[in-house]
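There are 2 protein chains.
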Amino acid sequence: MSGFPFTALGWFGAISRRGFLGTSLAATLVPSAVTAEESVTAPDASSPQPKSVLPPRNIPSRELPVPKTVSPQLQAFIGAPYPVGWNDIPQDTTAWKQLALQSAAAVASDITAIKEKFRLQVEKTTMAGVPVFVITPPEIAPNNRNRLLVHIHGGGFVLFPGEAGAGEGMLMAGYSKCRVVSIDYRMAPDYLFPAALDDVTAVWRVLLASYEPSKMAIFGTSAGGGLTLSTILRAKSQGLPLPGAIAPASPTTDLTWSGDTVMANAYLDNVLVSGNGWAHAATTLYAGTHDLTNPELSPIFGDFSGFPPAILTSGTRDLSLSDTVRTHRKLRQAGVHAVLQVFEGESHAQLLTPFVPETKEAFDEIVGFFDTHLKI
Amino acid sequence: MSGFPFTALGWFGAISRRGFLGTSLAATLVPSAVTAEESVTAPDASSPQPKSVLPPRNIPSRELPVPKTVSPQLQAFIGAPYPVGWNDIPQDTTAWKQLALQSAAAVASDITAIKEKFRLQVEKTTMAGVPVFVITPPEIAPNNRNRLLVHIHGGGFVLFPGEAGAGEGMLMAGYSKCRVVSIDYRMAPDYLFPAALDDVTAVWRVLLASYEPSKMAIFGTSAGGGLTLSTILRAKSQGLPLPGAIAPASPTTDLTWSGDTVMANAYLDNVLVSGNGWAHAATTLYAGTHDLTNPELSPIFGDFSGFPPAILTSGTRDLSLSDTVRTHRKLRQAGVHAVLQVFEGESHAQLLTPFVPETKEAFDEIVGFFDTHLKI
Numbered sequence: 028m029s030g031f032p033f034t035a036l037g038w039f040g041a042i043s044r045r046g047f048l049g050t051s052l053a054a055t056l057v058p059s060a061v062t063a064e065e066s067v068t069a070p071d072a073s074s075p076q077p078k079s080v081l082p083p084r085n086i087p088s089r090e091l092p093v094p095k096t097v098s099p100q101l102q103a104f105i106g107a108p109y110p111v112g113w114n115d116i117p118q119d120t121t122a123w124k125q126l127a128l129q130s131a132a133a134v135a136s137d138i139t140a141i142k143e144k145f146r147l148q149v150e151k152t153t154m155a156g157v158p159v160f161v162i163t164p165p166e167i168a169p170n171n172r173n174r175l176l177v178h179i180h181g182g183g184f185v186l187f188p189g190e191a192g193a194g195e196g197m198l199m200a201g202y203s204k205c206r207v208v209s210i211d212y213r214m215a216p217d218y219l220f221p222a223a224l225d226d227v228t229a230v231w232r233v234l235l236a237s238y239e240p241s242k243m244a245i246f247g248t249s250a251g252g253g254l255t256l257s258t259i260l261r262a263k264s265q266g267l268p269l270p271g272a273i274a275p276a277s278p279t280t281d282l283t284w285s286g287d288t289v290m291a292n293a294y295l296d297n298v299l300v301s302g303n304g305w306a307h308a309a310t311t312l313y314a315g316t317h318d319l320t321n322p323e324l325s326p327i328f329g330d331f332s333g334f335p336p337a338i339l340t341s342g343t344r345d346l347s348l349s350d351t352v353r354t355h356r357k358l359r360q361a362g363v364h365a366v367l368q369v370f371e372g373e374s375h376a377q378l379l380t381p382f383v384p385e386t387k388e389a390f391d392e393i394v395g396f397f398d399t400h401l402k403i
Numbered sequence: 028m029s030g031f032p033f034t035a036l037g038w039f040g041a042i043s044r045r046g047f048l049g050t051s052l053a054a055t056l057v058p059s060a061v062t063a064e065e066s067v068t069a070p071d072a073s074s075p076q077p078k079s080v081l082p083p084r085n086i087p088s089r090e091l092p093v094p095k096t097v098s099p100q101l102q103a104f105i106g107a108p109y110p111v112g113w114n115d116i117p118q119d120t121t122a123w124k125q126l127a128l129q130s131a132a133a134v135a136s137d138i139t140a141i142k143e144k145f146r147l148q149v150e151k152t153t154m155a156g157v158p159v160f161v162i163t164p165p166e167i168a169p170n171n172r173n174r175l176l177v178h179i180h181g182g183g184f185v186l187f188p189g190e191a192g193a194g195e196g197m198l199m200a201g202y203s204k205c206r207v208v209s210i211d212y213r214m215a216p217d218y219l220f221p222a223a224l225d226d227v228t229a230v231w232r233v234l235l236a237s238y239e240p241s242k243m244a245i246f247g248t249s250a251g252g253g254l255t256l257s258t259i260l261r262a263k264s265q266g267l268p269l270p271g272a273i274a275p276a277s278p279t280t281d282l283t284w285s286g287d288t289v290m291a292n293a294y295l296d297n298v299l300v301s302g303n304g305w306a307h308a309a310t311t312l313y314a315g316t317h318d319l320t321n322p323e324l325s326p327i328f329g330d331f332s333g334f335p336p337a338i339l340t341s342g343t344r345d346l347s348l349s350d351t352v353r354t355h356r357k358l359r360q361a362g363v364h365a366v367l368q369v370f371e372g373e374s375h376a377q378l379l380t381p382f383v384p385e386t387k388e389a390f391d392e393i394v395g396f397f398d399t400h401l402k403i
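Heads up: the sequence lines are chains A and B, in that order. Here the numbering used here is used: position 58 in the first sequence is 85, and no number is missing along the way. Here the numbering used here is used: position 263 in the second sequence is 290, and no number is missing along the way.
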């Protein structure tokens with residue numbers, strides 16, 4: 028509220044009946060508006076900040092109802108309980124591989140349903156030795172005849188091997204009426220950083236021989252959103268041409284897991300649930316012995332100047348909402364055309380829930396963004 | 028994550044070691060991906076939804092640290108404790124007026140600091156009998172010579188009477204190098220709905236006699252963001268010309284307080300804290316006996332077609348984050364050019380915190396948006 032410039036200083040005074048200012052913790056911690064200096068430039072969100080001396084906030088337990096402000100179809104997903112085993116962390120290589128196989132089996136029927144609904148042709152092949160799925164919709168939109176959308180799947184650099192990873196790419200092919208190549212990159216525990224990025228970059232090099240970069244986009248969710256961003260960082264560093272647009276969703280951009288919503292949205296998010304579950308263990312596994320602030324692992328610590336136009340998607344309950352908005356801010360600070368969409372009540376990667384109206388809405392926005400920014 | 032189209036169906040299966048599917052609540056509630064129908068059109072977020080039968084989620088108590096991912100200056104505000112008296116609800120007219128006076132006194136020193144920092148001239152006058160503050164920066168940018176920015180302050184339709192309400196307008200004048208008119212509209216408890224909207228509309232009519240509508244923007248935060256939207260609805264219904272752009276921040280668009288973050292961000296937000304405090308009481312007071320879903324009270328229930336380009340601002344801890352993103356989605360569904368920015372860790376209206384880097388960043392984005400969309 029206006030007058031609320033004032034949130035911490037004026038606000039407390041405004042509604043205090045007990046002479047709050049001058050006696051409280053806040054009064055000693057909050058810089059005076061008169062003397063505090065404003066940085067000339069925006070803060071560098073990429074630098075890890077020193078430990079704050081401010082105490083944490085105690086959040087009471089409470090009941091969180093299912094929102095009525097989303098479609099009934101989506102309500103069923105938002106209202107679902109936490110995944111069984113979300114904090115059941117595999118203890119060895121065999122257990123991780125078992126989890127990956129389970130993830131693939133679990134989505135198999137959805138993959139089939141998506142292929143059928145959109146009448147997609149899915150061809151498995153390799154590019155530079157990397158397995159990929161070429162997904163072709165029954166009709167290619169006229170603008171899309173020379174375009175290609177490149178999909179990088181999520182799953183914490185561990186889950187959804189093989190065709191199981193291509194579901195998001197299939198949804199995109201269906202909604203966009205454009206060809207999609209979905210990359211089945213190498214994953215942990217067998218292959219650690221930078222194997223996944225190496226594979227994506229190798230495929231990108233192959234595609235550059237056949238397609239104009241300005242007619243291609245790269246997109247992905249969660250780890251796939253992070254890989255989308257780190258692929259751009261690496262392409263920049265190697266002098267490779269960049270795509271015409273990117274669309275990272277719920278991107279895993281910070282393997283230090285320091286974004287505020289990792290804590291703030293803990294237990295609100297019913298997909299990842301908290302930063303202490305399998306997903307944190309998976310990204311740490313993939314990082315191996317590398318510095319977690321390496322921009323090719325955690326692109327939020329990289330230089331976003333010169334990035335292509337970007338559309339970012341998240342949800343209000345997403346554990347990665349902070350990483351999404353930090354990425355958006357940092358792109359804007361670098362002068363990049365970047366837009367943000369956030370969906371009511373959605374948890375991590377829930378924009379991919381198949382066949383709910385909000386998913387079509389999110390994809391339609393991304394498709395429209397690609398259509399605007401990719402050359403024909 | 029990709030494969031996570033799958034969040035509720037596949038996901039559970041993926042990490043379950045106990046054959047979750049087929050036995051759980053979710054399995055009976057979650058529509059099958061194969062049989063569920065996707066709406067052809069996007070959901071109508073404006074219609075109040077029927078009560079869901081899904082049970083609420085039990086969120087455990089926990090500690091929420093101050094994020095290190097924002098500037099040290101902002102950390103002090105995010106880390107401040109809840110306002111004393113946030114849930115101390117005035118019980119009669121005298122107490123409400125006392126609270127309003129306290130709010131004005133509390134921000135007086137900030138108002139002085141803002142005026143001094145930006146060397147602003149502030150002139151009190153009236154338009155159509157409504158008190159307004161005309162705020163003039165020391166230098167008007169060349170593009171802004173014929174432009175005017177119209178400010179509607181927040182405060183739950185109760186707080187920040189007089190010059191106390193003009194702080195956001197002063198920040199805007201300073202950052203934009205453009206003239207601002209800030210409207211000191213009538214408020215509760217003395218004047219209920221639609222007094223505030225009547226006053227804003229009356230001022231808008233006066234301004235239309237002197238300025239091209241395409242060279243004006245309307246902006247405001249919290250109740251002022253809601254009034255920005257309802258002013259457009261009323262101008263449409265009365266056939267008045269619309270401004271060239273609008274900028275509602277943390278907008279109070281839903282006086283039924285049904286947005287998901289009212290509950291999800293409760294106790295995370297250190298400005299409003301929850302939907303059971305003074306702010307809910309204030310908006311209900313202002314509504315009087317009117318239906319809370321009246322679009323002139325709760326613009327989320329209105330028709331956004333034909334709205335001017337809009338830039339919306341919120342924070343990841345904002346109790347009004349849902350209302351901000353619902354407004355953004357609904358504007359996009361109506362085909363309006365609308366962009367969203369969400370700031371890391373910020374609570375309700377905390378984008379107005381004076382003299383922190385993130386505030387300059389938020390205002391610079393809004394100023395740039397106005398510069399793009401207002402005629403010269």
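We treat Cβ as the ideally placed atom computed from N, Cα and C, and that holds for glycine.
Indicate whether the contact test is met: 3 or more Cβ pairs, each with one atom in the segment 225-237 of chain B and one in the segment 149-156 of chain B, closer than 8 Å. yes
How about residue 95 (chain B): is its C-beta nearer than 8 Å to some C-beta of chain A? yes
What does a CB cutoff of less than 8 Å around residue 159 (chain B) pick up in its chain, not counting 5 residues either side in sequence? 151, 152, 153, 208, 209, 210, 211, 230
Measure from the C-beta of residue 1 (chain B) to each C-beta in chain A and report whether the shortest distance is under 8 Å. Since the first and last residues shown for chain B are 28 and 403, residue 1 (chain B) lies out of range.
Does the CB of residue 118 (chain B) have a neighbour CB from chain A at under 8 Å? no
What residues from the segment 360-372 of chain A come within 9 Å of chain D, judged by C-beta to C-beta, listed N to C? Checking the listed chains, one finds no chain D in this structure; the protein chains it contains are A and B.
Locate the beta strand (DSSP E) running through residue 209 (chain B), then write down its first and last residues. 207-210
Just the C-alpha distance for residue 63 (chain A) and residue 109 (chain B), rounded to the nearest angstrom, thanks. Residue confidence for residue 63 (chain A) is low, a pLDDT of 39 falling below 50, so the modelled location carries little weight and cannot support an answer.
Assign residue 136 (chain B) to one of three DSSP states: helix, strand, or coil. helix
Which whole runs of the alpha helix (DSSP H) in the segment 96-125 of chain B are 4 residues long or more, in chain order? 99-105
Quick check: what's the CA-CA separation for residue 393 (chain A) versus residue 371 (chain A)? 17 Å
Under 8 Å from the C-beta of residue 294 (chain B): neighbouring residues of chain A: 84, 86, 87, 89
Under 8 Å, Cβ to Cβ, is there at least one residue of chain A near residue 106 (chain B)? yes
Residue 323 (chain B): first and last residue of the uninterrupted alpha helix (DSSP H) it sits in: Premise fails: residue 323 (chain B) is in no alpha helix (DSSP H) and is neither H nor E.
Near-chain A residues of the segment 341-352 of chain B (beta-carbon distance less than 7 Å), N- to C-terminal order: From the segment 341-352 of chain B, only 343, 344, 348, 349, 352 have a Cβ closer than 7 Å to chain A.
Flag this pair as yes or no: are the beta carbons of residue 272 (chain B) and residue 191 (chain B) separated by less than 8 Å? no
Residue 214 (chain A) by DSSP, collapsed to three states: which one? coil
Under the DSSP definition of a beta bridge, which residues are partnered with residue 427 (chain A)? Summary: the structure shown does not reach residue 427 (chain A), with chain A confined to residues 28 through 403, and so no result is reported for it.
Would you kindly report the start and end of the unbroken alpha helix (DSSP H) that includes residue 360 (chain A)? 348-360
Between the beta-carbon of residue 179 (chain A) and the beta-carbon of residue 280 (chain A), is there less than 8 Å? no
Closer than 8 Å, CB to CB, is residue 286 (chain B) near chain A or not? yes
Leaving out five residues on either side along the sequence, give the residues of the same chain with a beta carbon under 7 Å from the beta carbon of residue 164 (chain B). The residues are 145, 147, 200, 201, 204.
Assuming contact is defined by CB atoms lying nearer than 8 Å, are residue 442 (chain A) and residue 183 (chain A) in contact in what I supplied? Given a span of 28 to 403 for chain A in the structure shown, any question on residue 442 (chain A) remains unanswerable.
Indicate whether the contact test is met: 3 or more Cβ pairs, each with one atom in the segment 250-267 of chain B and one in the segment 277-293 of chain B, closer than 8 Å. Touching, per the Cβ criterion.
Within 10 angstroms of the Cβ of residue 80 (chain B), are there 16 or more other Cβ atoms? Answer buried if so, exposed if not. In the assembly as shown, residue 80 (chain B) is an exposed residue. Its beta-carbon has fewer than 16 other beta-carbons within 10 Å.
Compute the Euclidean distance between the alpha carbons of residue 267 (chain B) and residue 261 (chain B), then round it to the nearest angstrom. 8 Å
Give the DSSP bridge partners of residue 175 (chain B), in chain order. B:243
Let me check understanding here. Comparing Cα to Cα, which of A:377, A:337, A:373 lies closest to residue 362 (chain A)? A:337
Taking residue 403 (chain A) as the reference, give the member of A:168, A:88, A:107 with the closest Cα. A:168
Taking Cβ-Cβ distances shorter than 9 Å, what residues in chain B pair up with residue 92 (chain A)? 79, 81, 82, 83, 84, 287, 290
Can a CB atom of chain A be found closer than 8 Å to the CB of residue 392 (chain B)? yes
Taking buried to mean at least 16 other C-beta atoms within 10 Å of its own C-beta, is residue 316 (chain A) buried or exposed? exposed
Could you give the distance in angstroms between the alpha-carbon of residue 349 (chain A) and the alpha-carbon of residue 236 (chain B)? 44 Å
Quick check: the Cα distance between residue 386 (chain A) and residue 127 (chain B), rounded to an integer number of angstroms? The straight-line gap from Cα to Cα measures roughly 44 Å.
Straight-line Cα distance separating residue 321 (chain B) from residue 312 (chain B): 15 Å
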